[in-house]
Every structure is written in structure tokens, then in C-alpha cells.
Amino acid sequence: MTAEIPTLVTSERVRHFLCELDNSEEGFDIHENGEHELMFAAQTGLIFVNFSSPSILQIRGLWRGVSKSEDDFGLLTQQVHACNVQRSGPKAYLVPIKEAAEFSVGAESSLVISKGATNAQLTDFYETALTMVLGYFQDLEKALPHLVVAPRDEVEEGR
1444 MTAEIPTLVT
1454 SERVRHFLCE
1464 LDNSEEGFDI
1474 HENGEHELMF
1484 AAQTGLIFVN
1494 FSSPSILQIR
1504 GLWRGVSKSE
1514 DDFGLLTQQV
1524 HACNVQRSGP
1534 KAYLVPIKEA
1544 AEFSVGAESS
1554 LVISKGATNA
1564 QLTDFYETAL
1574 TMVLGYFQDL
1584 EKALPHLVVA
1594 PRDEVEEGR
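Everything in the sequence shown is counted per my numbering, starting at 1444 for the first residue and increasing by one.
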């Protein structure tokens, strides 16, 4: 058996990889978000696959919930802190929206790709990172359901 050799991770390779993973009839609705980032909607927010650094592949998520008051901001801060203290991943942080008048939560996981990546590495990373990010967002929705203001179709449109 021959070992797979890591190859360069490019936008085209990531797009092709994501489309191969998708088994639905509609196909992945992937959008370019700048030169080095792909974006698609998930049930609980937006997912960004960023490869702007030649050494790092990053999967980030933006939760569809939004805090609009100081009390809700405090609750979000507690949730982000708990994630970063109690979980091995993803890394969570607050994301200012509308000139910092409102906040949401971002979460991310990264893979070092300085020597490229095999398809097996991409698959493992993608599955692990998405499980962590989307699992965290699902937990946020259970803990703070009143902050979920965007139905899924609005998330797909990018808020």
C-alpha cells in the first residue's frame, strides 16, 4: 500500500473536496468570500473555510444568534468563556455586529498545512472542526434560544 503524499491546499482543491463530500442532490451552495475564503450556510450559522495563510487551513463559524442588550452580552460572554475553559475546541470569541451595537459568537478550528495535506487529513479535519463548531452553536441555541433571531433562510443570505 502506498502512502498518500500531502499536496498543496488551494481554493480549487477545497471547493472540489467539499463538493465530493456532499451527497445531496442540490449540492453544496458554496460562495466565495474574498480571494482566500469559501462560505456556506449551516443550520445554526455561516461556515467559512479560510486558506489565506499558506500554513493554516481554518474553519470558522458565525452563529445566527445575536445579543442586543447588555444582559444578553453578559450571557454571551459567559458562554464564550465556558467554551474556551471547558472544551478542547473550538476556540470561541465574540463578534461585533452593526458597529458593535450587537454581538454574535464566532468559533474556529485550524489545521497546519505548511507541507500540504492529504485527502484523509482534510476529511478528518473537516469532520472534526465542523462537529466542534456546529455542536457548540447547537449548545448555544439550547442555552440562549431567545437570541436566535435569524431563520435559516436569512442565515443562508448572509444576514
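A virtual CB, placed ideally from N, CA and C, is assigned to each residue, including glycine.
With 16 or more neighbouring CB atoms inside 10 Å of its own CB, residue 1548 falls in the buried class.
When rounded, the separation of the alpha-carbon atoms in residue 1500 and residue 1490 is 13 Å. For residue 1571 and residue 1503, the gap between their C-alpha atoms comes out near 12 Å. Residue 1484: member of the beta strand (DSSP E) spanning 1480-1485, first to last residue.
Residue range 1534-1540 is occupied by the beta strand (DSSP E) that includes residue 1534. Nearest to residue 1580 by C-alpha distance, out of 1554, 1527, 1505, 1543, is 1505. The beta-carbon distance between residue 1523 and residue 1552, rounded to whole angstroms, is 15 Å. This is too long to meet the 8 Å contact definition. Here residue 1570 carries a helix assignment [DSSP, helix/strand/coil].
Between the region 1511-1529 and the region 1481-1495, the count of C-beta pairs closer than 8 Å stays below three; the two stretches do not touch. Put simply, the backbone Cα of residue 1589 is about 36 Å away from that of residue 1460. Beyond the five residues adjoining it in sequence on each side, residue 1458 comes within less than 8 Å, by CB distance, of 1473, 1481 in the same chain, given in chain order. Distances from the alpha-carbon of residue 1455 to those of 1446, 1494, 1528 put 1494 closest. For residue 1527, the enclosing alpha helix (DSSP H) begins and ends at 1513-1529.
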